[in-house]
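What follows is a single structure, written as structure tokens, with notes after it.
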Amino acid sequence: MLAQTGGVAAAAHEPTRHGEAHLGKAVLITTAVLWLLAWVSTGGLDAREALGIAAWVSAVLGALTVVAHRLDTQRTPVWRQLLTLALTAGIASSLIHLAALLLAMALPDSFAEGPRQTFGATAVVGFFDGDALFGFWALLVELPRRIGAERRLEQERHALRQEAELARIRAALEPHFVLNTLNTIAGLVTEEPREARDLIATLGDLLRDAMQEPRRHRHTVREEVSWLRGFARILESRHVGRLAFEWDVDRSAEDCVLPALLLQPLLENAVHHGALRRPGRGRVALRIAHDADRLRCTVEDDGPGFDPGSARPEGRGLNLVRRRMALESADASLRVDAKPGRTRIEIVLPKRSA
Numbered sequence: 003m004l005a006q007t008g009g010v011a012a013a014a015h016e017p018t019r020h021g022e023a024h025l026g027k028a029v030l031i032t033t034a035v036l037w038l039l040a041w042v043s044t045g046g047l048d049a050r051e052a053l054g055i056a057a058w059v060s061a062v063l064g065a066l067t068v069v070a071h072r073l074d075t076q077r078t079p080v081w082r083q084l085l086t087l088a089l090t091a092g093i094a095s096s097l098i099h100l101a102a103l104l105l106a107m108a109l110p111d112s113f114a115e116g117p118r119q120t121f122g123a124t125a126v127v128g129f130f131d132g133d134a135l136f137g138f139w140a141l142l143v144e145l146p147r148r149i150g151a152e153r154r155l156e157q158e159r160h161a162l163r164q165e166a167e168l169a170r171i172r173a174a175l176e177p178h179f180v181l182n183t184l185n186t187i188a189g190l191v192t193e194e195p196r197e198a199r200d201l202i203a204t205l206g207d208l209l210r211d212a213m214q215e216p217r218r219h220r221h222t223v224r225e226e227v228s229w230l231r232g233f234a235r236i237l238e239s240r241h242v243g244r245l246a247f248e249w250d251v252d253r254s255a256e257d258c259v260l261p262a263l264l265l266q267p268l269l270e271n272a273v274h275h276g277a278l279r280r281p282g283r284g285r286v287a288l289r290i291a292h293d294a295d296r297l298r299c300t301v302e303d304d305g306p307g308f309d310p311g312s313a314r315p316e317g318r319g320l321n322l323v324r325r326r327m328a329l330e331s332a333d334a335s336l337r338v339d340a341k342p343g344r345t346r347i348e349i350v351l352p353k354r355s356a
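Adding 2 to a residue's 1-based position in the sequence shown gives its number in the numbering used here.
Below, the structure is given as structure tokens:
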């Protein structure tokens, strides 16, 4: 909870830092542009005039930034926000111009030319100069800040949608697994009570690992395979002599990570809708390998096969796996190769290390 609170606090301060960074850039760029224009129009630029321009730009843009951060952008209409900011820029600029005029009147020796305008004209000119500066500020500070804030909000919304979707998928897969496993154990209680007790212990281990996963949407290939071996042991005990599992896992891939329990429904489908549907002993093979940037997981069985385009009992589990992969990465893919005597499902994920 403390870490969560810290994350929220950090997120709250991030837009402020973002705005301050853009304000600094805006002050530098705008000041440099005005210096250049003054130098071109007058043929020269003394230090006093340059300092005055820099002070004016900093004061007006600073006032705009402060007011913009205080506006309630969710409840205040856009036209009212723009009007408020335009008035802020105009009034701040007028005050700066009037202050400069008073300074010139108070120090006539320092300003040989003396004041050129009346107070009213100075205030009006300052107001319109401020609104012109408001346009620069809107392009250089406020627009990038708002775009950045909206992008961060959209990323947060996407993350929340992803979390909710993953939770829904897990809620659909895990009870299905538990019910099937309990049915497996129920078939052994009277005939093989010792074996049933061993399987209950194995189920307890599997459930403990599964219940630890909500905070870990990914785990290593080593952890995934270890979990699947326990699951396979339960299935072998239920269907003695009718199932054989093959495990071909590249040792160098064991530290790669993948979505937790992603392969379980595929292995279960291969058993119930593949290997157990053939006469005699069926075979299920799990192969995991990797190359430079891809992790490849293959589940294969020697059952009767199926038409990938037709509806079938295990379609829901496969669709959930597809959806989960799509949430994990746009570069992930799932390919089904089914024919009589062999069904092969290959998952390809971007390679990530623990």
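The beta-carbon is built from N, C-alpha and C at its ideal position, and this holds for glycine as well.
**Prompt:** Taking only runs of the beta strand (DSSP E) that begin and end inside the stretch 238-267, which ones reach a length of at least 3 residues, in chain order?
**Reply:** 245-251, 259-261
**Prompt:** Per DSSP, which one or two residues make a beta bridge with residue 335?
**Reply:** Along the sequence shown, read from residue 1 onward, the residue named residue 335 stands at position 333. Paired residues: 350.
**Message:** To the nearest angstrom, how far is the alpha carbon of residue 29 from that of residue 61?
**Reply:** Here residue 29 corresponds to residue number 27 of the sequence shown, with the count starting at 1. Here residue 61 corresponds to residue number 59 of the sequence shown, with the count starting at 1. In a straight line, the C-alpha of residue 29 is about 9 Å away from that of residue 61.
**Item:** Helix, strand or coil at residue 292 [DSSP, three-state]
**Value:** Locating residue 292 in the sequence shown gives position 290, counting from the first residue. DSSP places residue 292 in strand when its eight states are reduced to three.
**Item:** Rounded separation between residue 121 and residue 153 - CA only
**Value:** The sequence position of residue 121 within the sequence shown is 119, counting from 1. The sequence position of residue 153 within the sequence shown is 151, counting from 1. Approximately 45 Å, taken between the alpha carbons.
**Message:** Between the alpha carbons of residue 208 and residue 274, how many angstroms are there, rounded?
**Reply:** For the purposes of this step, residue 208 is taken as residue 206 along the sequence shown, with counting starting at 1. For the purposes of this step, residue 274 is taken as residue 272 along the sequence shown, with counting starting at 1. Approximately 19 Å between the Cα atoms of the pair.
**Boundaries of the alpha helix (DSSP H) in which residue 275 is found, first to last residue** = Looking up residue 275 in the sequence shown gives position 273. It is not in any alpha helix (DSSP H) - residue 275 carries neither H nor E in the DSSP assignment.
**Asked** Secondary structure at residue 345, three-state DSSP: helix, strand or coil?
**Response** Taking the first residue of the sequence shown as 1, we reach residue 345 at position 343. Strand, per DSSP.
**Message:** I'd like to confirm the pairing. Which residues does DSSP put opposite residue 357 in its beta bridges?
**Reply:** There is simply no residue 357 to check, as the chain begins at 3 and stops at 356 in what is shown.
**Prompt:** Assuming residue 201 and residue 249 make a contact with CB atoms under 8 Å, what is their CB distance in whole Å?
**Reply:** Numbered from 1 along the sequence shown, position 199 holds the residue referred to as residue 201. Numbered from 1 along the sequence shown, position 247 holds the residue referred to as residue 249. Wrong, their Cβ atoms sit about 20 Å apart, outside the cutoff.
**Item:** C-beta atoms of residue 219 and residue 267 nearer than 8 Å
**Value:** In the sequence shown, residue 219 corresponds to position 217, counting from 1. In the sequence shown, residue 267 corresponds to position 265, counting from 1. Contact flag unset, no.
**Contacts around residue 198, its chain only, beta-carbon distance under 8 Å, and the 5 residues preceding and following it disregarded** = Here residue 198 refers to the residue found at position 196 of the sequence shown. The residues are 187, 190, 191.
**Message:** If you measure between the beta carbons of residue 129 and residue 95, is that distance less than 8 Å?
**Reply:** Numbered from its first residue, the sequence shown carries residue 129 at position 127. Numbered from its first residue, the sequence shown carries residue 95 at position 93. For residue 129 and residue 95, yes; Cβs fall inside 8 Å.
**Item:** residue 120 - DSSP class collapsed to helix/strand/coil
**Value:** Within the sequence shown, residue 120 is the residue found at index 118, counting from 1. If DSSP states are grouped into helix, strand and coil, residue 120 belongs with coil.
**Prompt:** Relative to the C-alpha of residue 230, which residue among 269, 193, 46, 25 is closest?
**Reply:** In the sequence shown, counting from the first residue as 1, residue 230 sits at position 228. Answer by Cα proximity: 269.
**Request:** Could you check how far apart the C-beta atoms of residue 70 and residue 47 are, in whole angstroms? I think they sit under 8 Å.
**Result:** Along the sequence shown, read from residue 1 onward, the residue named residue 70 stands at position 68. Along the sequence shown, read from residue 1 onward, the residue named residue 47 stands at position 45. 30 Å between Cβ atoms; not a contact.
**Item:** Cβ distance (whole Å) where residue 356 is taken to contact residue 222 below 8 Å
**Value:** Translated into positions along the sequence shown, residue 356 becomes position 354. Translated into positions along the sequence shown, residue 222 becomes position 220. Their Cβ separation, rounded to whole angstroms, is 5 Å, which keeps residue 356 and residue 222 in contact under 8 Å.
**Message:** Let's see if you can read the secondary structure: which residues bound the beta strand (DSSP E) around residue 222?
**Reply:** The sequence position of residue 222 within the sequence shown is 220, counting from 1. Residue 222 -> beta strand (DSSP E) spans 220-222.
**Request:** Could you tell me whether the stretch 292-310 touches the stretch 251-260, using the rule of 3 or more Cβ pairs below 8 Å?
**Result:** yes
**Message:** Can you tell me whether residue 340 is helix, strand or coil according to DSSP?
**Reply:** Mapped onto the sequence shown, residue 340 falls at position 338. The answer is strand: DSSP assigns residue 340 an E or B state.
**Request:** State the DSSP-derived secondary structure class of residue 315, mapped to helix, strand or coil.
**Result:** Position 313 of the sequence shown, counted from the start, is the residue given in the question as residue 315. Caution applies to residue 315, whose pLDDT of 48 falls short of 50 and renders its modelled position unreliable; the value that the coordinates give is listed next. If DSSP states are grouped into helix, strand and coil, residue 315 belongs with coil.
**Item:** Given residue 351 as reference, the closest of 345, 339, 342, 328 once Cα atoms are compared
**Value:** For the purposes of this step, residue 351 is identified with residue 349 of the sequence shown, where counting begins at 1. Checking every option, the nearest Cα to that of residue 351 belongs to 328.
**Message:** Taking its Cβ as the centre, do 16 or more other Cβ atoms sit within 10 Å of residue 293, making it buried, or is it exposed?
**Reply:** The residue given as residue 293 occupies position 291 in the sequence shown. Label assigned to residue 293: exposed.
**Request:** Indicate whether residue 272 and residue 252 have their beta-carbon atoms separated by less than 8 Å.
**Result:** In the sequence shown, residue 272 corresponds to position 270, counting from 1. In the sequence shown, residue 252 corresponds to position 250, counting from 1. No, these two residues do not count as a Cβ contact at 8 Å.
**Asked** Whose C-alpha, out of 25, 301, 324, is nearest the C-alpha of residue 147?
**Response** Taking the sequence shown and counting its residues from 1, the one referred to as residue 147 is at position 145. Of 25, 301, 324, the residue nearest in Cα terms is 25.
**Request:** Give the DSSP-derived three-state secondary structure of residue 355 in the structure shown.
**Result:** On the sequence shown, position 353 is the one that residue 355 refers to. It is a strand residue.
**Asked** What are the start and end residues of the alpha helix (DSSP H) that includes residue 143?
**Response** Locating residue 143 in the sequence shown gives position 141, counting from the first residue. It is not in any alpha helix (DSSP H) - residue 143 carries neither H nor E in the DSSP assignment.
**Asked** Nearest to residue 59 by alpha carbon, out of 291, 35, 82, 78?
**Response** The residue you call residue 59 lines up with position 57 of the sequence shown. The shortest C-alpha separation from residue 59 is found at 35.
**Message:** Using a 10 Å radius around the Cβ and a threshold of 16 neighbouring Cβ atoms, would you call residue 313 buried or exposed?
**Reply:** The residue given as residue 313 occupies position 311 in the sequence shown. Its pLDDT being 48, under 50, residue 313 is placed unreliably by the model, and nothing is read from it.
**Message:** Taking the straight line between their C-alpha atoms, what separation do you get for residue 331 and residue 324?
**Reply:** On the sequence shown, residue 331 is found 329 positions in, with the first residue counted as 1. On the sequence shown, residue 324 is found 322 positions in, with the first residue counted as 1. Their backbone Cα atoms lie some 11 Å apart in a straight line.
**Request:** Using beta-carbon positions only, say whether residue 284 and residue 343 come within less than 8 Å of one another.
**Result:** As a position in the sequence shown, residue 284 is number 282, starting the count at 1. As a position in the sequence shown, residue 343 is number 341, starting the count at 1. Result no, Cβ atoms of residue 284 and residue 343 do not sit closer than 8 Å.
**Prompt:** What's the gap between the Cα of residue 181 and the Cα of residue 155?
**Reply:** By one-based count along the sequence shown, residue 181 stands at place 179. By one-based count along the sequence shown, residue 155 stands at place 153. One C-alpha to the other measures close to 40 Å.
**Of the residues 281, 301, 282, 280, the one placed nearest residue 290, counting alpha carbons only** = The residue labelled residue 290 in the question sits at position 288 within the sequence shown. Among 281, 301, 282, 280, the Cα nearest to that of residue 290 belongs to 301.
**Item:** Those residues which DSSP pairs with residue 284 across a bridge
**Value:** Counting from 1 along the sequence shown, the entry for residue 284 is found at position 282. Note: residue 284 sits in a beta bridge opposite 245.
**Prompt:** With C-beta atoms as the reference, is residue 125 less than 8 Å away from residue 100?
**Reply:** Locating residue 125 in the sequence shown gives position 123, where the first residue counts as 1. Locating residue 100 in the sequence shown gives position 98, where the first residue counts as 1. Contact: yes.
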